[in-house]
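2 protein chains.
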Amino acid sequence: MNTSEFRRRGKEMVDYIADYIDGIEGRQVYPDVEPGYLRPLIPTSAPQEPDKYEDIMRDIEKIIMPGVTHWHSPHFFAYFPTASSYPAMLADMLSGAIGCIGFSWAASPACTELETVMMDWLGKMLQLPEAFLAEKAGEGGGVIQGSASEATLISLLAARAKVTRRLQAASPGLTEAAILEKLVAYSSDQAHSSVERAGLIGGVTLKAIPSDGKFAMRASALQEALERDKAAGLIPFFVVATLGTTSCCSFDRILEVGPICNKEAMWLHIDAAYAGSAFICPEFRPLLNGVEFADSFNFNPHKWLLVNFDCSAMWVKKRADLTGAFKLDPLYLKHSHQDSGLITDYRHWQLPLGRRFRSLKLWFVFRIYGVTGLQAYIRKHVQLAHEFESLVNQDPRFEICAEVTLGLICFRLKGSNKLNEALLERINGVKKIHLVPCHLRDKFVLRLAICSRVVESAHVQLAWEHIRELATDLLAAGME
Amino acid sequence: MNTSEFRRRGKEMVDYIADYIDGIEGRQVYPDVEPGYLRPLIPTSAPQEPDKYEDIMRDIEKIIMPGVTHWHSPHFFAYFPTASSYPAMLADMLSGAIGCIGFSWAASPACTELETVMMDWLGKMLQLPEAFLAEKAGEGGGVIQGSASEATLISLLAARAKVTRRLQAASPGLTEAAILEKLVAYSSDQAHSSVERAGLIGGVTLKAIPSDGKFAMRASALQEALERDKAAGLIPFFVVATLGTTSCCSFDRILEVGPICNKEAMWLHIDAAYAGSAFICPEFRPLLNGVEFADSFNFNPHKWLLVNFDCSAMWVKKRADLTGAFKLDPLYLKHSHQDSGLITDYRHWQLPLGRRFRSLKLWFVFRIYGVTGLQAYIRKHVQLAHEFESLVNQDPRFEICAEVTLGLICFRLKGSNKLNEALLERINGVKKIHLVPCHLRDKFVLRLAICSRVVESAHVQLAWEHIRELATDLLAAGME
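Protein chains in written order, with this note's numbering: chain X, 274 to 753; chain G, 274 to 753.
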């Protein structure tokens with residue numbers, strides 16, 4: 274494909290995308306296909322000679338779209354949102370064309386420098402303590418990771434390296450394996466599965482701290498575990514606190530937990546993957562109070578800040594803690610500015626070596642929406658969540674199962690888990706809307722997350738009417 | 274930005290991209306900026322109110338482009354190529370618009386199923402043994418990772434979990450820490466730094482096997498290390514063999530090393546990050562002979578197969594080895610087809626949870642180029658490399674430092690390392706072309722990699738003339 278054909282096909286693709294997004298409400302949100310549907314529809318091997326471009330685009334509608342779960346449909350209320358906006362898409366097109374791999378400053382200075390400054394912009398929007406910003410030429414700074422899972426893992430690995438260095442400095446004979454065996458990390462029993470996975474990968478014990486009645490990790494429960502483990506000769510070294518848990522968007526009490534971490538020299542990582550975007554609004558910023566106690570903080574603009582996947586924003590107070598865990602410098606990656614102290618080589622901050630020019634997405638989105646536009650977007654979603662909450666509250670057959678703080682509502686029919694499982698099965702069977710469930714303690718609960726950029730009050734009302742009707746049918750059939 | 278503005282801006286962006294790529298030869302390949310150049314050029318915080326789109330696009334030329342290292346310039350010969358093609362860019366636009374997060378089959382069936390089939394197509398293009406393909410409903414299959422570094426790490430973690438299970442089954446009292454302490458992994462002393470990093474992250478000892486005169490890992494050296502370590506009570510469990518090393522594109526002898534791995538029940542991972550793309554040509558496929566001994570194999574279509582970053586192709590013979598190392602299933606990620614045995618939940622195959630619809634890029638590129646088009650592309654680059662090699666060979670002041678097999682030439686002036694360092698400094702100072710060096714044993718060597726999609730014989734000739742002139746100046750100045 275030459276440049277002039279790209280001009281033509283690119284513009285057609287822009288129109289296809291615009292049509293797709295404009296018409297997304299008309300597509301069934303969840304597909305009808307069964308596992309294995311796609312393989313019989315396409316050849317068993319790649320074509321020897323080129324196919325026609327028209328045939329590929331025809332196959333998009335014929336083969337791909339029937340198997341797509343439409344995450345950006347206003348009828349999609351599952352998981353958490355994944356961000357999508359036109360400015361981010363434009364920036365991503367440009368990022369793809371520049372196509373630099375920004376593992377070091379020299380590999381493309383603009384890629385590294387825009388990232389550092391955009392992470393400062395974003396940090397200021399969140400009112401992060403100055404220690405997390407790179408601006409003042411301090412020891413902290415931000416980096417774009419691929420996902421919150423990676424940020425958690427990297428924090429754990431950095432904390433592991435740090436405690437190992439400290440213990441070996443105090444007792445030079447101590448082996449790494451002897452230390453590893455005794456390390457303990459903690460998170461709430463509501464933490465995301467990726468935290469457990471980070472523990473598995475890092476080879477350290479991870480203990481779940483029982484959350485309180487509001488599904489929050491509190492000082493008392495953490496302190497209790499800590500004392501027990503220290504008495505048993507273990508070495509507590511790492512705590513993940515979650516702001517906005519996946520199941521019910523609960524908030525660990527970082528103002529309580531933070532001081533304990535600092536006192537015990539445990540690394541505190543705050544995972545606000547979903548909720549973090551809301552902290553750009555002054556009225557939600559108090560939820561982040563206590564971040565000053567953290568060593569690292571992470572949230573996903575690619576969830577709720579209109580920046581298309583992937584863009585997970587992570588800050589550390591001491592960048593040397595990350596680079597100290599990972600730094601390896603072969604000659605083919607060295608460059609003349611490396612030791613100037615002025616530059617950042619982001620490859621030492623992350624797991625992979627390669628990285629895209631992702632900060633362009635932040636730049637475009639911040640500038641096209643402005644901070645006020647982004648705040649308005651968050652507020653609209655939160656308001657829609659409260660609208661749904663009040664609808665649920667008006668129906669005595671239903672109950673709200675956790676406090677609605679941001680854009681997630683956990684609710685259920687008063688009655689058995691079986692009843693609620695049956696309700697969800699009907700909802701996802703009819704496919705007018707799409708939801709996923711969670712467990713809160715022993716209760717099976719339905720989660721409705723406000724997701725789409727184009728979701729309006731009418732969609733929320735429609736979703737609720739639909740759920741009520743299915744519930745009425747179910748209850749009429751005698752289920753309890 | 275509403276849809277109609279996106280239509281307009283999107284088409285302008287397509288033209289900007291087409292102009293950028295068409296005019297890339299005219300841009301200086303490596304930027305003039307100094308560290309810290311960007312921050313003073315933009316505001317210190319995000320705008321409260323929206324900026325104008327025109328201002329952003331103006332800033333691209335004014336602020337971003339002066340700091341870009343142009344990886345797709347035909348004057349760029351550094352590192353290894355990073356792929357770029359129009360069909361991949363079109364597919365990436367579509368992927369961004371669909372914007373699904375394909376962590377499970379249900380999260381977007383098309384995303385998972387196209388990936389499985391595209392990995393089969395690609396596996397067949399490489400003539401991988403059937404055990405690596407998913408098609409036959411066997412135990413193997415392919416997955417798209419973000420980078421070769423992640424593939425290496427995942428293999429190591431899967432191997433670690435597997436050997437731990439085996440040893441604990443044999444001796445139930447054995448702790449993980451006791452096992453970890455004794456595990457040893459091996460790679461050639463020419464392996465990429467990401468292998469060492471995987472060892473650090475996994476908490477296992479990694480030993481470098483001395484490579485032979487052709488910078489290849491051989492059976493004898495591996496066997497020697499193995500015997501020594503086993504005699505010392507250690508547990509060898511993992512070997513990374515590299516096909517196409519970063520320094521000089523040497524090839525570990527997998528036909529020799531593979532049988533040892535199988536005999537000793539060590540996991541063999543083959544990292545062919547750069548070279549792998551060439552194996553779609555029958556004349557280069559013999560370099561992959563021995564892959565039948567491997568447990569996992571990885572290469573980067575995002576390097577040399579015209580698929581824009583990121584797209585790292587990984588296959589395993591036993592998918593249960595990966596999922597066995599990582600599988601965690603919270604309720605909010607469960608879905609009704611999960612236990613059918615028919616479906617793939619790729620989140621169990623990778624480190625992050627989220628993932629883009631990257632297989633669209635493979636589909637577009639395979640169909641627009643056809644296998645013959647992709648083969649022609651590889652062959653053209655290899656031919657250009659040999660053209661440069663023969664130019665070097667015609668100048669008695671220079672020497673070739675490693676066999677030229679694919680698109681990389683390692684060369685130097687006969688003389689001191691200092692002389693060659695000075696030569697590289699001049700080359701990268703003038704910025705007509707861009708190269709990076711490597712060390713081969715004690716020699717400082719220049720690496721010229723054929724990178725750009727649009728590089729032609731004329732560019733290679735020009736690069737050589739330029740290098741020769743700078744060398745002549747340097748030698749005339751009396752340097753040796």
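Built from N, CA and C at the ideal position, the CB exists for glycine as well.
Proximity of glutamate 556 (chain G) to chain X, defined by a Cβ-Cβ separation below 8 Å, is not satisfied.
Methionine 286 (chain G) places its beta carbon 8 Å or farther from that of methionine 392 (chain X).
Runs of beta strand (DSSP E) with 3 or more residues, each lying fully within the segment 647-719 of chain X, are found at 671-673, 681-686, 709-713, listed in chain order. Interface annotation for the segment 288-304 of chain X against chain G: Asp288, Tyr289, Ile290, Ala291, Asp292, Tyr293, Ile294, Asp295, Tyr303, Pro304, criterion Cβ-Cβ distance under 9 Å. The DSSP-derived three-state label of methionine 539 (chain G) is coil. Taking 8 Å as the cut-off between beta carbons, none of the residues of the segment 532-549 of chain G comes near chain X. In the DSSP secondary-structure assignment, phenylalanine 349 (chain G) is bridged to G:His707.
Separation of asparagine 693 (chain G) and proline 339 (chain G) (C-alpha to C-alpha, rounded to the nearest whole angstrom) is 28 Å. The secondary-structure analysis by DSSP pairs valine 457 (chain X) across a beta bridge with X:Thr478, X:Pro509.
Within its own chain, the residues whose Cβ lies closer than 6 Å to the Cβ of valine 512 (chain X), once the five positions on either side in sequence are excluded, are Tyr459, Cys534, Met539, Leu541, listed in chain order.
At least one beta carbon of chain G lies nearer than 8 Å to the beta carbon of glutamate 322 (chain X).
Residue G:Pro574 holds the alpha-carbon nearest to the alpha-carbon of leucine 399 (chain G) among G:Leu679, G:Pro574, G:Gly680, G:Phe637.
Counting only the Cα atoms, glutamate 334 (chain G) lies some 43 Å from leucine 429 (chain G).
Leucine 363 (chain G) and serine 358 (chain X) have their C-alpha atoms some 17 Å from each other.
8 Å or more divides the Cβ of methionine 274 (chain X) from the Cβ of proline 559 (chain G). The Cβ neighbour count for asparagine 562 (chain X), taken over all protein chains shown within 10 Å, is under 16; the residue is labelled exposed.
Tryptophan 344 (chain X) and glycine 531 (chain G) have their alpha carbons spaced roughly 44 Å apart.
Excluding sequence positions up to five before and after arginine 470 (chain G), its CB lies within less than 8 Å of the CB of Ser422, Leu426, all in the same chain and listed in chain order. Residue state for phenylalanine 405 (chain G) is assigned as helix, using DSSP reduced to three classes. In this chain, the alpha helix (DSSP H) harbouring tryptophan 394 (chain G) covers 382-398. At a cut-off of 8 Å, the C-beta of alanine 551 (chain X) has no neighbouring C-beta in chain G. Against chain X, a Cβ distance below 7 Å from tryptophan 344 (chain G) picks out Gly372, Cys373, Ile374.
DSSP places methionine 587 (chain G) within a strand segment (E or B) once states are collapsed to three. One Cα belongs to methionine 587 (chain X), the other to glutamine 734 (chain G), and the distance between them is close to 45 Å. Only residues of its own chain outside the window of five on either side were considered, and among them Lys455, Val457 have a CB closer than 6 Å to the CB of leucine 507 (chain G), listed in chain order. For glycine 414 (chain G), the enclosing beta strand (DSSP E) stretches over residues 414-418. For serine 368 (chain X), no beta strand (DSSP E) encloses it; the enclosing alpha helix (DSSP H) starts and ends at 359-371. According to DSSP, residue pairing for phenylalanine 572 (chain X) in a beta bridge involves X:Ala586. Taking 8 Å as the CB threshold, threonine 448 (chain G) lines the interface with chain X.
Annotation: cysteine 674 (chain X) to serine 466 (chain X) spans about 21 Å, alpha carbon to alpha carbon. Nearest to glycine 486 (chain X) by C-alpha distance, out of X:Val589, X:Gly475, X:Ala695, X:Phe524, is X:Phe524. Between alanine 505 (chain X) and glycine 446 (chain G), the alpha-carbon positions lie close to 20 Å from each other. Considering only beta carbons, the part of the segment 430-459 of chain G lying closer than 9 Å to chain X consists of Leu430, Arg433, Ala434, Thr448, Glu449, Ala450, Ala451, Leu453, Glu454, Lys455, in chain order. Partner residues in the beta bridge of leucine 516 (chain G), as assigned by DSSP, are G:Phe524. At a cut-off of 8 Å, the C-beta of alanine 736 (chain G) has no neighbouring C-beta in chain X. Relative to the Cα of leucine 647 (chain G), the nearest Cα in the group X:Pro323, X:Lys284, X:Ile294 belongs to X:Pro323.
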